[in-house]
Amino acid sequence: MTSSSVSTPRVALVTGTSSGIGAAVVKHFCELGHQVLAVDFNPAGKAIAEQAGAAFFEADLTDPDACRAAVADAVKRFGGVDILVNNAGIQHVASIETFPEEKWRQIMDLMLTAPFLLTQAAWPHMREKGWGRIVNVASIHAQVASPGKAAYIIAKHGMIGLTKTAALEGGEQGITANAVCPAYVKTPLVDNQIADQAKLHGMDEQEVIEKVMLKEAAIKRLIEPEEVAQLVAYLASDAAGAVTGSSFNIDLGWTAH
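Heads up: the sequence shown begins at 408 in our numbering, then just goes up one per residue.
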């Protein structure tokens, strides 16, 4: 999946872009010639976006108005939205019994409601052109569950439902929707989980990596963000026009058991 996957420069809106997968997607899209709006609540994301050649829009996507404003900004700058990559996410590790309600609501608002609202706002622009690509960065936890991550797992499972519904509604309008489901990727989100997982499981941090994060993996390493970005770029390309409603596991063999 190289630059040959893209035949026409497009307008892409990517969320959660200040680090990790989102930053890698922005960089790769810019290298492919797309016009990119990087959206993140962290103002530090502006420098990262501009270094890659993208525009930046600061937004807290737990606010519905901010979701609509992000799409409106892409339309104002570039004339529309052709590609939407819903990537923004957070994590909180706690048992169901102790999970804080405010964290539950924040995760649902950011990781399930925001992708729906962004899709809804971008849809008319894709429909008008008869071409659109929606790529939802889910997780292998959209396919399987682990203890201590109820809100994250439920939101990611819901994202698969959104993906399938968008695929069915968009098929006749030239809009595809697919999900990417990585296992543990070398990102700050994963780094920040290690201490929490260690506390939850009564392990040291190295044990968490070996016995929790990589336990089910056939390939014993973390995934590089750029590897996920390559798959996202393919699904956002002209070459993937017949691919929709699918979930692509990039999971080091986790689900091969």
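Every residue, glycine too, gets a C-beta built ideally from N, C-alpha and C.
Length of the line joining the Cα atoms of residue i and residue j
i: A473; j: F464; result: 10 Å
i: G607; j: G440; result: Before going on, a small fix: residue 607 reads as Leu here, not Gly. In a straight line, the C-alpha of L607 is about 44 Å away from that of G440.
i: S410; j: E579; result: Any reading at S410 must be qualified, since the residue scores a pLDDT of 43, below 50, and its modelled position is unreliable; the value itself is stated next. For S410 and E579, the distance between alpha carbons rounds to 27 Å.
i: H548; j: V488; result: 28 Å
i: M610; j: R534; result: 51 Å
i: Q550; j: C588; result: 8 Å
i: R484; j: A419; result: 11 Å
Continuous alpha helix (DSSP H) stretch holding residue i: start and end
i: A640; result: 632-642
i: A545; result: Element bounds for A545: n/a, residue is neither H nor E.
i: G648; result: Segment: none, G648 is in no alpha helix (DSSP H) and carries neither H nor E.
i: K510; result: 508-515
i: A663; result: Careful: A663 lies outside any alpha helix (DSSP H) and carries neither H nor E.
Beta-carbon proximity list for residue i, same chain, < 6 Å, skipping 5 on both sides
i: E583; result: Sequence inspection shows Thr at residue 583; the Glu mentioned does not correspond to that position. Closer than 6 Å at Cβ, skipping near neighbours: R540, T651.
i: G537; result: G581
i: A529; result: V478, V488, L491
i: V413; result: Bear in mind that the predicted position of V413 carries a pLDDT of just 48, short of 50, making it unreliable; the figure below should be weighed with that in mind. Excluding sequence neighbours, V413 sits near L439, S644.
i: Q442; result: V418, F485
i: L621; result: K627
For residue i, three-class secondary structure by DSSP
i: P471; result: helix
i: D447; result: strand
i: Q527; result: helix
i: F464; result: strand
i: M610; result: coil
Same chain, Cβ closer than 7 Å to residue i, neighbours up to 5 away in sequence not counted
i: Q600; result: Q498, V500
i: I503; result: A557
i: V619; result: Q604, H608
i: D467; result: F448, A473
i: A459; result: V433, K434, C437
i: S426; result: T594, P595
Residues bridged to residue i [DSSP beta-bridge criterion]
i: I490; result: A419, R540
i: I657; result: P589
i: A584; result: I541
i: K556; result: A501
i: Q442; result: V418
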